[in-house]
Structures are given as C-alpha cells and as structure tokens.
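The opening position of the sequence shown corresponds to residue 0 in numbering that gives the first Met the number 0, with each subsequent residue numbered one higher.
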Amino acid sequence: MYPRASDLTSKRVQSYSDEELFWIIQNGIRYTGMPAFGKTETPDHIWGLVNYVRTLPGQLRSENSIRDSYRAQRVRFDPAQEQDVARR
Numbered sequence: 000m001y002p003r004a005s006d007l008t009s010k011r012v013q014s015y016s017d018e019e020l021f022w023i024i025q026n027g028i029r030y031t032g033m034p035a036f037g038k039t040e041t042p043d044h045i046w047g048l049v050n051y052v053r054t055l056p057g058q059l060r061s062e063n064s065i066r067d068s069y070r071a072q073r074v075r076f077d078p079a080q081e082q083d084v085a086r087r
C-alpha cells in the first residue's frame, strides 16, 4: 500500500494528542489507507480506539519480553540425546 500505513507504536504517532487521534479515526486521512469511521462508529467507540492505540507500545514490549524469555529457555535439539532416550 502506498503510502505505507503508519506504525501505531512509533513515537510520532504516540506523540499525537488524544484529540488528534480521535479526529484521524473519525475523519480518516485522504489519499491513504486510513478510512473514516465517523459514520459507522459512535464517539464512545472511537474514544475506545484512541485508548487502544495508547496501549500498543506497552503490548509490544510485553510480547517482545515474552518471546525473548521463550528463546532464552528453549533447549536445542541434540540427536545424540534423542538416541540415548530411545535406548532406555
């Protein structure tokens, strides 16, 4: 898609005020992939989306730390150990 969709976790997007995010979600951005939702969503739902966008950087950090923790705990497969277990 051109222009590319914005990274909602970026500092630039997160620096927008809540009111600016509300306006963007409600009205969309012309000539981009961001449609307007003002005619299909209530203001309360749009505020909920603004709040959700605010949580994205924290969720990304949590997902990365979970993935890193999993990678650190993961044991590499060793065919020699597998043969030892099969012999027992």
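Here a beta-carbon is modelled for each residue, glycine too, at the ideal position from N, C-alpha and C.
These figures come from a predicted structure and were not determined experimentally.
For residue i, the three-state DSSP class (helix, strand or coil)
i	result
residue 11	helix
residue 6	coil
residue 56	helix
residue 30	coil
residue 37	coil
residue 51	helix
Alpha helix (DSSP H) segment containing residue i, residue limits
i	result
residue 21	17-26
8 angstroms contact criterion, which residue i and residue j should meet: CB distance rounded
i	j	result
residue 55	residue 8	5 angstroms
residue 45	residue 24	5 angstroms
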